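Residue numbers (my numbering), protein chains in the order written: chain A, 7 to 545; chain B, 86 to 483.
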Amino acid sequence: MSNYDAIVIGAGHNGLTNAAYLAKAGLNVVVLEKNEYIGGAAVSRELHEGWKYSNCSYVCSMMRQALHRDLDLGRHGLLLVPYLGTINFGDGDERLFSYHDEQAAHLELKRHSPHDADAMHRFQSDLTRYSQLIRKTLLRTPPDPTSLRPRDIMEFLYLAKQFWKLGEKEIYEYVRFFTMSAADFLDDYFENDLIKAAMASPGIIGTALGVYSPGSSYILLHHVMGDVDGSIGAWGLARGGMGAISAALAGAAQEHGAEIRTNAGVQQVLVKNGKAVGVVLENGDEVYARIVVSNLDAKRTFTRIMEKNDLPDGIYEKARNFKIRGSSGKVNIALSGMPKFSGVPENRYINRGGQGFTGSMETMERAYDCWKRGRWSDDPFVESVIPSAWDPTVAPPGQHWMSNFVQYCPPELADGPWTPEKRDQFGQTVIDKIERYSPGFSDLIVHMEVRTPHEIEQEIGLTEGNIFQGELTIDQLFFNRPFPGYGQYRMPVRNLYMCGSSTHPGGGVSSACGANAAREILIDLRRPNTVPEDDFYDE
Amino acid sequence: MKFDHTHFRQALLRTPFHDRFVELSTTEEWMAWNTYKVPRVVDKLPTEYFAVRSGCAVMDLTPMEKYRISGRGARDYLDRLVTRDISKLKAGRVTYVVWCNDEGKVIDDGTVFQLGENDYRLCAQHHQFDWLLMSARGFDVDIQVETHDVAALAVQGPTSWSVLAAAGISNLEQLKPFGIADLRCGDIPVTVSRTGYTGDLGYELWMDPANALQVWDAIFSVQGQYDIHAMGLSALEMVRIEAGFIMPGFDFNTAEATIRNGYDRSPFEVGLGWVVNLDKGHFTGRKALLAEKSRPAKRRLTKIVVDGNKPVGEAFIYDGKNGKQTGEIKCATWSPILKANLALADIEFINGRLPAQLWARIDYQRELKWHSAWAECHSHSKPFYVPEYRSATPPMRY
Chain A
7 MSNYDAIVIG AGHNGLTNAA YLAKAGLNVV VLEKNEYIGG AAVSRELHEG WKYSNCSYVC
67 SMMRQALHRD LDLGRHGLLL VPYLGTINFG DGDERLFSYH DEQAAHLELK RHSPHDADAM
127 HRFQSDLTRY SQLIRKTLLR TPPDPTSLRP RDIMEFLYLA KQFWKLGEKE IYEYVRFFTM
187 SAADFLDDYF ENDLIKAAMA SPGIIGTALG VYSPGSSYIL LHHVMGDVDG SIGAWGLARG
247 GMGAISAALA GAAQEHGAEI RTNAGVQQVL VKNGKAVGVV LENGDEVYAR IVVSNLDAKR
307 TFTRIMEKND LPDGIYEKAR NFKIRGSSGK VNIALSGMPK FSGVPENRYI NRGGQGFTGS
367 METMERAYDC WKRGRWSDDP FVESVIPSAW DPTVAPPGQH WMSNFVQYCP PELADGPWTP
427 EKRDQFGQTV IDKIERYSPG FSDLIVHMEV RTPHEIEQEI GLTEGNIFQG ELTIDQLFFN
487 RPFPGYGQYR MPVRNLYMCG SSTHPGGGVS SACGANAARE ILIDLRRPNT VPEDDFYDE
Chain B
86 MKFDHTHFRQ ALLRTPFHDR FVELSTTEEW MAWNTYKVPR VVDKLPTEYF AVRSGCAVMD
146 LTPMEKYRIS GRGARDYLDR LVTRDISKLK AGRVTYVVWC NDEGKVIDDG TVFQLGENDY
206 RLCAQHHQFD WLLMSARGFD VDIQVETHDV AALAVQGPTS WSVLAAAGIS NLEQLKPFGI
266 ADLRCGDIPV TVSRTGYTGD LGYELWMDPA NALQVWDAIF SVQGQYDIHA MGLSALEMVR
326 IEAGFIMPGF DFNTAEATIR NGYDRSPFEV GLGWVVNLDK GHFTGRKALL AEKSRPAKRR
386 LTKIVVDGNK PVGEAFIYDG KNGKQTGEIK CATWSPILKA NLALADIEFI NGRLPAQLWA
446 RIDYQRELKW HSAWAECHSH SKPFYVPEYR SATPPMRY
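Right, here's the structure in full:
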């Protein structure tokens, strides 16, 4: 039996961030991780000698710069490199190359549609405007709309002021935007299907929505509101894989005195007299603390590691009905060489970044149809990145690793449970898709890891393998996240907090949830705040 | 123009005149303009500047966005699009226009060329196809991008007419300012307009890109008689400020590219009230502009002369020496011909009027050391430099 100020359940990136800020405030913190490795879904694992896979999350753009600087993550080994030159593959021979140079990018779009090339400027201005507002909320605690506490009222006034600053026309547009589908949103700008498909793809990543589903335009924004060094919408690769982010956060947390225990899965949160007092580990050990912070998703927290009797009425049902639908799989492939893609010219500015096997709007919607019927997509949307083209630490020289994010893949199949055979068939579907655009691709495969939502849930603990710890739809965003009335990181049992992506601002490797939760906890414990204010580019 | 996969080998396109600029370039100072590679300075900035003011300067205009607007509804369409009354525009004439969004904020400026009946060319600084098509709903009009299909060359300066005449482009002497004529340079058809962005006598030549080099060579073939210089965009920046011309996207943010509320500008605010005709009938942005006109002016892009000779770069404007900040300089140049610092400044009005005093706080370097100085500024309502000869028809012969 041991005593701490705070227990953080789960060493995902938000749990580590939370622990770092609590420890920085002088608290005695322990992080309990069920796996033998830390990082949750931000990991780099060597499953085949010489290759380091970012097994789950694979690119980074949302990490809050202010936290990166404040926790000195650079000194703890984190290096985020922007990557360039994604190719989007149409159903047939069409290819859309993205260049970071504005002029080259314009010419490439013009090749597909002179109209769309011009409309892209308007699209980018509008998206940037939407991003700038939402970015202001990331490192802030959502106000409670039913509260009359000065802090909540002040926070609402702050938001109203930011919102008002948009101007009349933009306020209308913004409200409309939140409930639209990605397809409807893009129809306001573009005519070319491949351009639309490429732009729509961030609208479905990680969500069990299709490009035509209302709400997918917000998901699109969620994926483009990040930045790398001020280039909003750009994505970066963590040198050494996503595990480098977790390692740096762990380094910062430990430097401030936090303890991290692996192979320490939590069986149950102990509640006495309506207060969380500690946890029981899977090995039977008990750990006690003044507060308990769960980095697990809301469903797992309240339906798996809490006793139903310990919860106020209705919370179990809310957790059970929390929308956390798995929709994506991940195929990590070690390659003996750089794959060649058909219809793609030799060019150092493209073909070294990402590949979007987007097809068309219809292909993406049909892929979603399969998911609805409890099957993986037979012609899936695949977003790939070859980090080894940039990162010398993740594959042997001249050889490569390719991260393939796949939609859609259901957590449960209509024809019975997942089996290793079905998992491999799913993997083969992905390879077949890539092979269509890269003849000979299969011959380059040295090793591969196929992860369906089933594997992701089993290994990482994300319910249904949902990468956001819960859908990012407006009913589960902001002060509604995870549940209405619990948007400020304090949970229905006293001294119990949540700090994972199930809380505001949601999924993505941002560290914002963990930091926001730390700020609330420190207020409750009457400790000075250690969490910095965010940086903004629009001020 | 057809784009193929290989364009990435050159991230920037080459204009049809590019090879000639390469031959003449001693600076190798290139820049991007609207997806084309163009010279910033070809040889020496003062030489290029004085070519415009004293002799003849030749500049590549090909990257200018060009749209062909035709069809029975073309005139009505354009009249609805732009703030100016163009219903009286005639074939063979050009007019300067500006167009706004519904909020009455400037999207871009440009020139409308009426090439024939129901046949117009719109030249714009920025990409406009998106906006032009959106505005075309309900009009019987066809809009094509012809940026890459028409090569364009500006021939500017007091001797420009003499140069073109000597180069074999005849029948130009009766062409009035803002007139267009279909002529020939030798056997080559060339459309010539008496237009420019320099404030000097000058012409713009429009041609098939296939003939571009022949026209160029014809012009430069008379170099023995006349001093002709190829010119880059740096010299253009100097002369356009002298002439009091504004540049959307540089002197103020264009409406469709504006992210922050209040950072866009109306035609009145950028000093283009004279191209707004609120009586001509409905046009896009009219309602907002009517409302704006009924209120006291909030700000104005103002031509100012900054005292002294300290190089004016980016600077704040104050309503007095050590006063309150009231604006900022958007572009500035030293005028070699006027021996003065000229600038366009975005200035906030006080009670609907320009502040009585304007001072600029100028930060400048001397041998890498920064200094700071106050300089009084004087507003100027007319263009800074307008040579009388520029509108004479026929032009002065050299």
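We put the CB at the ideal spot given by N, CA and C, even for glycine. Note that the structure is a prediction, hence the values are computed from the model and not measured.
- Within the DSSP secondary-structure output, L502 (chain A) pairs in a beta bridge with A:V298.
- Taking C-beta separations shorter than 6 Å and ignoring five residues to either side along the sequence, the partners of N198 (chain A) in its chain run H118, S119 and D122, following chain order.
- Taken through DSSP and simplified to helix, strand or coil, I159 (chain A) comes out as helix.
- Closest in alpha carbon position to T168 (chain B), among B:G156, B:V183 and B:G158, is B:V183.
- Closest in C-alpha terms to M344 (chain A), from the list A:V391, A:D11, A:Y59 and A:E371, comes A:V391.
- Nearest neighbour of G239 (chain A) by Cα position, chosen from A:F184, A:D449, A:L200 and A:R135, turns out to be A:R135.
- In this structure, R325 (chain B) lies near T283 (chain B), with their beta-carbon atoms less than 8 Å apart.
- At least one C-beta of chain A is nearer than 8 Å to the C-beta of I344 (chain B).
- The region 290 to 301 of chain A and the region 502 to 513 of chain A touch, with no fewer than 3 CB-CB distances between them shorter than 8 Å.
- Residues of the region 162 to 179 of chain A that bring their beta carbon within less than 7 Å of a beta carbon in chain B comprise K171, L172, G173, K175 and E176, in sequence order.
- Counting the other Cβ atoms within 10 Å of the Cβ of L53 (chain A) gives fewer than 16, which makes it exposed.
- Think of a sphere of 7 Å around the beta carbon of S104 (chain A): no beta carbon from chain B falls inside it, the nearest being about 11 Å out.
- Of the candidates A:Y374, A:L28, A:I462 and A:K378, the residue whose Cα lies closest to the Cα of L531 (chain A) is A:L28.
- Y288 (chain B) has its alpha-carbon roughly 19 Å from the corresponding atom of D272 (chain B).
- Contact between the region 169 to 185 of chain A and the region 199 to 216 of chain A is not established, with fewer than three Cβ pairs separated by less than 8 Å.
- In this structure, L38 (chain A) lies away from A12 (chain A), with their beta-carbon atoms at least 8 Å apart.
- Taking A136 (chain B) as the centre and dropping the five residues before and after it, the same chain places the C-beta of A142, G242, D312, I313, H314, M316 and A320 closer than 8 Å to its C-beta, in chain order.
- Among the bridge pairs identified by DSSP, A282 (chain A) is matched with A:V277.
- Not flagged as an interface residue toward chain B: T143 (chain A), since no C-beta distance is shorter than 8 Å.
- The beta carbon of L218 (chain B) falls within 8 Å of a beta carbon belonging to chain A, placing the residue at that interface.
- In this structure, DSSP gives R51 (chain A) an extended state, which the three-state scheme calls strand.
- In the pairwise beta carbon analysis, the region 145 to 160 of chain A is classified as not touching the region 187 to 194 of chain A: fewer than three pairs are separated by under 8 Å.
- Rounded to whole angstroms, the separation of the alpha carbons of C415 (chain A) and G471 (chain A) is 10 Å.
- Considering only beta carbons, the part of the region 171 to 190 of chain B lying closer than 7 Å to chain A consists of E188, in chain order.
- Nearest to D128 (chain B) by C-alpha distance, out of B:E113, B:P421, B:N119 and B:S247, is B:E113.
- Proximity of D544 (chain A) to chain B, defined by a Cβ-Cβ separation below 8 Å, is satisfied.
- Around H229 (chain A), the same chain offers P208 and I211 as residues with beta carbons nearer than 7 Å, after the five sequence neighbours per side are excluded.
- Look at P151 (chain A) here: in three-state DSSP terms it is coil, with no helix or strand label.
- The alpha-carbon separation between G370 (chain B) and A445 (chain B) amounts to approximately 34 Å.
- Chain A has no Cβ within less than 8 Å of the Cβ of H463 (chain B).
- Under the 8 Å criterion on CB atoms, H127 (chain A) is classed as interfacial with respect to chain B.
- Put simply, the CB of Q210 (chain B) is far from chain A, with every gap to its CB atoms at 8 Å or more.
- Chain A places no beta carbon closer than 8 Å to that of D431 (chain B), leaving this residue out of the contacts.
- Interface with chain B (8 Å Cβ-Cβ cutoff): A395 (chain A) is excluded.
- Counting only runs of 3 or more residues that sit fully inside the region 195 to 275 of chain A, the beta strand (DSSP E) segments are 242 to 244 and 265 to 267, in chain order.
- Taking a Cβ-Cβ cut-off of 8 Å, the neighbours of H121 (chain A) in chain B comprise F214, D215 and L218, given in sequence order.
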